[in-house]
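Note sheet for the following structure.
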Amino acid sequence: MSALERHKIVVGVDFGTTYTGIAFVYSIRPEVGDIEVIDTWPGKNGAVDNRNLDKVPTELAYNPDGSPGEWGYQLAPGAARYGCFKLMLDGSLLLTISRRDNQGNYHHEKVSIDSGNSNAVFGVPPNKTAVDISADYLRAIYDHTIEKLKQRLPRMFDITPIQFVLTTPAVWSHKAQQATLDAATIAGFGSRQRDSITMVSEPEAAATYCLQDIHANQGVDVFRVGESIVICDCGGGTVDLITYRVESIRPTLQLTEAVVGDGGKYGSTSIDRQFIAMLRERVGEAIFSKWPAKRTGRGGMIMQAFESAKRGFTLGDKTQKWWIPVGNIPDDPVQQIDDGAMLLDYDDMEFLFENSTQNIEALLKSQITKAGEVSTILLVGGFGQSQFVYKRIQNWAVACFPQMAIRVERPRNSWSAIARGACLHGVGSVVKARKLKQHYGLQMTTAFVEGRHNEADAYYSLWSNEKRVMNNIKWVAAKGESVHEGQRIRIGSSISRHERARENTYTLYSSNDDDASNDTRNPRVYELGTFKCDLRSLPEEAWETKINANGVRVYRASFETIMEIGSAEITFKTYYQDKVCGSAKMAFYSMGEGLREAT
Numbered sequence: 001m002s003a004l005e006r007h008k009i010v011v012g013v014d015f016g017t018t019y020t021g022i023a024f025v026y027s028i029r030p031e032v033g034d035i036e037v038i039d040t041w042p043g044k045n046g047a048v049d050n051r052n053l054d055k056v057p058t059e060l061a062y063n064p065d066g067s068p069g070e071w072g073y074q075l076a077p078g079a080a081r082y083g084c085f086k087l088m089l090d091g092s093l094l095l096t097i098s099r100r101d102n103q104g105n106y107h108h109e110k111v112s113i114d115s116g117n118s119n120a121v122f123g124v125p126p127n128k129t130a131v132d133i134s135a136d137y138l139r140a141i142y143d144h145t146i147e148k149l150k151q152r153l154p155r156m157f158d159i160t161p162i163q164f165v166l167t168t169p170a171v172w173s174h175k176a177q178q179a180t181l182d183a184a185t186i187a188g189f190g191s192r193q194r195d196s197i198t199m200v201s202e203p204e205a206a207a208t209y210c211l212q213d214i215h216a217n218q219g220v221d222v223f224r225v226g227e228s229i230v231i232c233d234c235g236g237g238t239v240d241l242i243t244y245r246v247e248s249i250r251p252t253l254q255l256t257e258a259v260v261g262d263g264g265k266y267g268s269t270s271i272d273r274q275f276i277a278m279l280r281e282r283v284g285e286a287i288f289s290k291w292p293a294k295r296t297g298r299g300g301m302i303m304q305a306f307e308s309a310k311r312g313f314t315l316g317d318k319t320q321k322w323w324i325p326v327g328n329i330p331d332d333p334v335q336q337i338d339d340g341a342m343l344l345d346y347d348d349m350e351f352l353f354e355n356s357t358q359n360i361e362a363l364l365k366s367q368i369t370k371a372g373e374v375s376t377i378l379l380v381g382g383f384g385q386s387q388f389v390y391k392r393i394q395n396w397a398v399a400c401f402p403q404m405a406i407r408v409e410r411p412r413n414s415w416s417a418i419a420r421g422a423c424l425h426g427v428g429s430v431v432k433a434r435k436l437k438q439h440y441g442l443q444m445t446t447a448f449v450e451g452r453h454n455e456a457d458a459y460y461s462l463w464s465n466e467k468r469v470m471n472n473i474k475w476v477a478a479k480g481e482s483v484h485e486g487q488r489i490r491i492g493s494s495i496s497r498h499e500r501a502r503e504n505t506y507t508l509y510s511s512n513d514d515d516a517s518n519d520t521r522n523p524r525v526y527e528l529g530t531f532k533c534d535l536r537s538l539p540e541e542a543w544e545t546k547i548n549a550n551g552v553r554v555y556r557a558s559f560e561t562i563m564e565i566g567s568a569e570i571t572f573k574t575y576y577q578d579k580v581c582g583s584a585k586m587a588f589y590s591m592g593e594g595l596r597e598a599t
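Okay, so the sequence shown: first residue is 1 according to full-length UniProt numbering, each after it adds one.
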């Protein structure tokens, strides 16, 4: 094997709600300064022309025959397109719209992501799922990435494996994380021989890059061992927060999660939803309902003008005004519509931002209170670049925690920080321990206890004839527990069958309760999914056989199931006497029943 073949190219894939970014690094030079960001994209959009940009819009159009068409900057202003489809990968989550009555009081309404309205920001094409449209878009991203890597690394591309590190919101369910991975796999990521895909949460990726970049460029003494730093990743769709504690600064920076991460769908698209609701009220339902979808859709003149207003909005300057083009409709002085334009003043913009910023402040307060003391809040992501959000959080931190003198910072390269951090994570994460957001357990039988278990649940063991119960959960990892990088959770396992089994299926459960029930039927216990342990490679000595009490020959195998919980992944392997005998792939279900609120 040549020297080149012993290394790898690590590609960070920040698949975002509104924009997507790609960065890569060669494992021989895995320093923050060696990361390269793809900043040229197909198309010539009049708004950006030929400028180099770190990200491309997460938008896709379809051809009349249903095949994927133009994407990203190829789409002309006002052209029909689909956007925000990433959020639909976790479509069980409810979103909030705030409305203000004539007395100025706020009312909050819960709405599902896909309202069925033809003018909605969200939606998927006919006969397509969220995974389908995400895969179609990611195929364009994959093809463009491969083209750029071939141009940049022509000598090593064909002989060097690529590790793709895909990022997902920390707040997402395992089902949504799996759906994202499925879409990337369908799109071609990891399809070359020796290529692979792993996953990392977006705030961990941001922390990995931003804190290493500060550490490398401002000196090791910029951090203190023991200090806690909140990463507040404000993106287009989601806001994710995790608090990290600095464990060491020499010889390398090492972090641990100090508080379980939190978040919600409070990103900049939530402000877009507020704006569309306001627009509908002010122009009137009779006019709004007649507009074609592209009029209020992404890329149209209305949303482009509002996007400009969002970016320019600053805290405290009450003289700010923006005129949003609404077309040839009657003037209405009450609704501030004049000559085909609707006025947005400072109070309007503050109202549109209010629900999102209030939720971000609530998330920050919870993180800081649980951490005990925090030195810094790092704002990253596109929404984190908002001057209004930055100033608002600064003022809030002073008012809410005056004794801590919390610094609010926007680190350099904050828009591409997640893609850059995903690269560094693929080389080696600086986060050495993570807090679990929930309990994890497996359905495993247990001995029947009189007075504790129901007779209706009892059965007799095929192997020992012992009275046992089936509906039991063995909790193997506890909520709030710190799990170290690479830590193996060892689970003793055995199966009894009439013949040697080729595989065994386990069900993985979770609970958010502090004191989790052991009963699989408890409504506060959630069935996450199943995984199958491959037993074909178990050696001969792993199996026992005998004639049981009923005169039937039975077989039993004893082995260990090893569970590893990563930043955005759970893996299982079968071990016998410390040797790997097989691996397992999780098939995740939805998190619980019905819709979950974004709290």
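Backbone N, C-alpha and C fix where the C-beta goes; we use that ideal spot for every residue, glycine too. All values reported here derive from a predicted model rather than from experimental measurement.
>> I'd like the ranges of any beta strand (DSSP E) spanning at least 3 consecutive residues and lying wholly in the stretch 184–236.
In response: 196–201 and 228–234
> How many whole angstroms separate the CB atoms of Asn-465 and Ala-549, which I take to be in contact at a CB cut-off of 8 Å?
Replying inline: For the purposes of this step, residue 465 is taken as the residue at position 465 of the sequence shown. For the purposes of this step, residue 549 is taken as the residue at position 549 of the sequence shown. That pair is a contact at about 4 Å.
>> In the DSSP output, which residue or residues are listed as bridge partners for Cys-533?
In response: By one-based count along the sequence shown, residue 533 stands at place 533. Its beta-bridge partners are Asn-504.
>> Suppose the cutoff is 7 Å on Cβ atoms and the five residues either side in sequence are ignored; what does the same chain contact list for residue 668 look like?
In response: Because the chain in this structure spans residues 1 to 599, residue 668 falls outside the shown range and cannot be described.
> Considering Phe-588, what are the terminal residues of the beta strand (DSSP E) in which it resides?
Replying inline: Here residue 588 refers to the residue found at position 588 when the sequence shown is read from its first residue. Looking at the DSSP string, the run of the beta strand (DSSP E) that includes Phe-588 is 586–588.
> Would the stretch 389–401 and the stretch 167–187 be scored as touching if the rule is three or more Cβ pairs under 8 Å?
Replying inline: no
>> Using a Cβ-Cβ cutoff of less than 6 Å, which residues in the same chain neighbour Asn-119 once the five nearest sequence positions on both sides are dropped?
In response: The residue labelled residue 119 in the question sits at position 119 within the sequence shown. Low confidence applies to Asn-119: its pLDDT is 34, below 50, so where it sits in the model is not reliable, and the reading given next is rough at best. Ala-293 and Thr-296, listed in sequence order.
> Between Gly-226, Gln-403 and Lys-435, which lies nearest to Ser-482 when the distance is taken from Cα to Cα?
Replying inline: On the sequence shown, residue 482 is found 482 positions in, with the first residue counted as 1. Closest option to Ser-482, Cα to Cα, is Lys-435.
>> Quick check: what's the CA-CA separation for Leu-138 versus Glu-354?
In response: Position 138 of the sequence shown, counted from the first residue, corresponds to residue 138. Position 354 of the sequence shown, counted from the first residue, corresponds to residue 354. Their Cα atoms are separated by approximately 33 Å.
> Is Phe-313 helix, strand or coil by DSSP?
Replying inline: As a position in the sequence shown, residue 313 is number 313, starting the count at 1. DSSP places Phe-313 in coil when its eight states are reduced to three.
> What is the DSSP secondary structure of Ser-464, counted as helix, strand or coil?
Replying inline: As a working note, residue 464 is residue 464 in the sequence shown. If DSSP states are grouped into helix, strand and coil, Ser-464 belongs with coil.
> Is it right to say Glu-503 is buried, meaning 16 or more other beta carbons lie within 10 angstroms of its own, or is it exposed?
Replying inline: Position 503 of the sequence shown, counted from the start, is the residue given in the question as residue 503. Under this definition Glu-503 is an exposed residue.
>> Let me check one thing: in DSSP terms, what residues is His-439 bridge-paired to?
In response: Counted from its first residue, the sequence shown places residue 439 at position 439. Looking at the DSSP assignment, His-439 forms a beta bridge with Ser-511.
> For Ala-47, which residues from the same chain have a beta carbon less than 8 Å from its beta carbon, with the 5 sequence-adjacent residues on both sides left out?
Replying inline: Within the sequence shown, residue 47 is the residue found at index 47, counting from 1. Reliability fails at Ala-47, whose pLDDT of 45 lies under 50, so the model's placement of it is uncertain and no value is given.
>> Excluding the 5 residues flanking Tyr-589 on each side, which residues of the same chain have their C-beta closer than 7 Å to its C-beta?
In response: In the sequence shown, residue 589 corresponds to position 589, counting from 1. Here the set comprises Lys-175, Glu-527, Leu-528 and Gly-529.
>> If I measure Cβ to Cβ from Thr-571 and keep anything under 6 Å in the same chain, skipping five residues before and after, which residues do I get?
In response: Within the sequence shown, residue 571 is the residue found at index 571, counting from 1. Once the five neighbours on either side are set aside, the close Cβ partners of Thr-571 are Glu-564.
>> Can you give me the C-alpha to C-alpha distance between Ser-461 and Ala-516, rounded to a whole angstrom?
In response: Stepping through the sequence shown from its first residue, residue 461 is reached at position 461. Stepping through the sequence shown from its first residue, residue 516 is reached at position 516. Going from the Cα of Ser-461 to the Cα of Ala-516 covers about 26 Å.
>> Using DSSP's beta-bridge definition, name the partner residues of Ala-433.
In response: Walking along the sequence shown from the start, residue 433 turns up at place 433. Per DSSP, Thr-256 and His-484.
> Where does Val-389 sit, in a helix, a strand or coil, going by DSSP?
Replying inline: By one-based count along the sequence shown, residue 389 stands at place 389. Here Val-389 sits in helix by DSSP.
>> For Ile-159, report the span of its alpha helix (DSSP H) as first-last.
In response: In the sequence shown, residue 159 corresponds to position 159, counting from 1. Counting along the chain, Ile-159 falls outside any alpha helix (DSSP H), and DSSP gives it neither H nor E.
> Leaving out the 5 sequence neighbours to the left and right, which residues in its chain are closer than 8 Å to Ser-410 when beta-carbon positions are compared?
Replying inline: Your numbering for residue 410 matches position 410 in the sequence shown. Sequence inspection shows Arg at residue 410; the Ser mentioned does not correspond to that position. So the qualifying residues of the chain are Leu-378, Leu-379, Val-380, Gly-384, Gln-385 and Tyr-390.
> Are the stretch 355–362 and the stretch 318–328 in contact at 8 Å, needing three or more beta carbon pairs?
Replying inline: no
> CB Lys-437 to CB Gly-261, shorter than 8 Å?
Replying inline: Mapped onto the sequence shown, residue 437 falls at position 437. Mapped onto the sequence shown, residue 261 falls at position 261. A contact, by the Cβ cut-off of 8 Å.
> In this structure, does DSSP put Asp-143 in helix, strand or coil?
Replying inline: Mapped onto the sequence shown, residue 143 falls at position 143. Here Asp-143 sits in helix by DSSP.
>> Going by beta-carbon coordinates alone, are Ala-417 and Ala-206 separated by less than 8 Å?
In response: In the sequence shown, counting from the first residue as 1, residue 417 sits at position 417. In the sequence shown, counting from the first residue as 1, residue 206 sits at position 206. For Ala-417 and Ala-206, yes; Cβs fall inside 8 Å.
> For the putative contact between Thr-208 and Ile-197, defined by C-beta atoms under 8 Å, what is the C-beta separation to the nearest angstrom?
Replying inline: On the sequence shown, position 208 is the one that residue 208 refers to. On the sequence shown, position 197 is the one that residue 197 refers to. At roughly 18 Å, the Cβ-Cβ gap does not stay under 8 Å, so Thr-208 and Ile-197 are not in contact.
> Should Asp-221 be labelled buried (16 or more other beta-carbon atoms within 10 Å of its own) or exposed?
Replying inline: Along the sequence shown, read from residue 1 onward, the residue named residue 221 stands at position 221. Classification for Asp-221: exposed.
> Among residues of its own chain, excluding the 5 on either side of Arg-282, which ones have a beta-carbon nearer than 8 Å to its beta-carbon?
Replying inline: Residue 282 sits at position 282 when you count from the first residue of the sequence shown. Around Arg-282: Asp-332, Gln-335, Gln-336, Ile-337 and Met-342.
> Hey, how far is the Cα of Thr-252 from the Cα of His-215?
Replying inline: The sequence position of residue 252 within the sequence shown is 252, counting from 1. The sequence position of residue 215 within the sequence shown is 215, counting from 1. In a straight line, the C-alpha of Thr-252 is about 9 Å away from that of His-215.
> Which same chain residues, not among the five before or five after Arg-497, have their C-beta less than 6 Å away from its C-beta?
Replying inline: Counted from its first residue, the sequence shown places residue 497 at position 497. Within the same chain, Arg-497 has close Cβ partners Tyr-555.
> Going by Cα to Cα distance, which pick from Cys-533, Trp-543 and Glu-499 is closest to Val-552?
Replying inline: Reading the sequence shown from its first residue, position 552 is the one you call residue 552. That would be Glu-499, whose Cα lies nearest to the Cα of Val-552.
> Using DSSP with H/G/I as helix, E/B as strand and the rest coil, what is Ile-302?
Replying inline: The residue labelled residue 302 in the question sits at position 302 within the sequence shown. Note: Ile-302 maps to helix in three-state DSSP.
> Hey, out of Tyr-575, Asp-578 and Lys-585, whose CA is closest to Tyr-506's CA?
Replying inline: For the purposes of this step, residue 506 is taken as the residue at position 506 of the sequence shown. When each option's Cα is compared against that of Tyr-506, the closest is Lys-585.
> Excluding the five sequence neighbours on either side, which residues of its own chain have a C-beta within less than 6 Å of the C-beta of His-7, listed in chain order?
Replying inline: Walking along the sequence shown from the start, residue 7 turns up at place 7. If we look at His-7 and ignore the five residues flanking it on each side, its Cβ neighbours are Ser-27 and Ile-28.
> Of all the beta strand (DSSP E) runs that stay within the bounds of the stretch 543–572, which reach a length of 3 or more residues?
Replying inline: 543–547 and 553–565
> Between Asn-127 and Phe-531, what straight-line distance do the alpha-carbon atoms span, to the nearest angstrom?
Replying inline: Residue mapping note: residue 127 aligns to position 127 of the sequence shown, counting from 1. Residue mapping note: residue 531 aligns to position 531 of the sequence shown, counting from 1. Computed Cα separation, rounded: 29 Å.
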